[in-house]
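Chemist: Handing you this structure, nothing more for now.
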Amino acid sequence: MDIPILCEDDSFLVINKPPGLVVNRAESVKTETVQDWAEERLSIHPRESDAGPKTPWTPGTPDMDKERSIADFYSRAGIVHRIDKETSGILIIAKTIESFIQLQSYFREREVGKTYTAFVHGELVPPSGEVNVPIGRLPWNKEQFGVIPGGKESFTAYTVSGVRVIKPTEHGGGTVFSVVTLHPKTGRTHQIRVHMKYLGHPLIG
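Residue numbering for the sequence shown follows the numbering used here, beginning at 36 and increasing consecutively.
Structure below.
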């Protein structure tokens, strides 16, 4: 796989994940993943001791938190966070257990600033705003996420950076879409897709 490396040192590397590439392996994924690439390049492989059911644990217990983080480091080949298959952008991969734990803490404490550019259907009005609605798996379709009562807190700020018209006709009209810059403060699964659809302006594609 041709994955561009943006920077690298002894502790971590930063890649530009191409669109269409899945980050982590799963039973439903039949193609190569970033995890496969990272395992081969960094020689970080799952440990046999991490196979099977996970030991119940309570977040906030230092020893158990560290053991879980060590297990995650090996089982995820150092991949600190995830982005969607169809999303391109920066992905951080830790080379050491110490950097993996530290980098994950930055994400957990929301100390990482995240910026996304997206194309959405229609002209988004107002041109800037915030979306703060809970997200969870849909009760009637566990494969999809949406805005539901009792879901996890999720927050996204947005700014429209441009409006375009595709294939305008001589009588006006055409397909209108907006170019939007988004700053998610939380990292819920499909958060940007769900929030834009909630506003009535789903992502193109």
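Note that CB positions come from ideal geometry on N, CA and C, so glycine has one too.
As the structure is a prediction and not an experimental result, all values here were calculated from the model.
Does the count of Cβ pairs from the segment 144 to 152 and the segment 70 to 77 closer than 8 Å reach three?
Modeler: Counting Cβ pairs under 8 Å, fewer than three are found: no touch.
Chemist: Consult DSSP for E178 and reduce its assignment to one of helix, strand or coil.
Modeler: It is a strand residue.
Chemist: Exposed or buried, which one is K177 when buried takes at least 16 other CB atoms within 10 Å?
Modeler: The residue in question, K177, is exposed, as its Cβ has fewer than 16 Cβ neighbours within 10 Å.
Chemist: Grouping DSSP H, G and I as helix and E and B as strand, with all else coil, what is A61?
Modeler: A61 falls in the coil class under three-state DSSP.
Chemist: Taking 6 Å as the limit between beta carbons, can you name the residues of its chain near S163, skipping five residues before and five after?
Modeler: Hits under 6 Å: T194.
Chemist: DSSP puts A129 in a beta bridge; with which residues?
Modeler: Paired residues: F47.
Chemist: Could you round the C-beta distance between T66 and V58 to whole angstroms and report it? I think they count as a contact, below 8 Å.
Modeler: Not a contact, Cβ separation roughly 12 Å.
Chemist: Is the Cβ-Cβ distance between V211 and E165 less than 7 Å?
Modeler: Going by C-beta atoms, V211 is not nearer than 7 Å to E165.
Chemist: By the 10 Å Cβ neighbour count, where 16 or more other Cβ atoms means buried, how is M231 classified, buried or exposed?
Modeler: The residue is buried, with at least 16 neighbouring Cβ atoms inside 10 Å.
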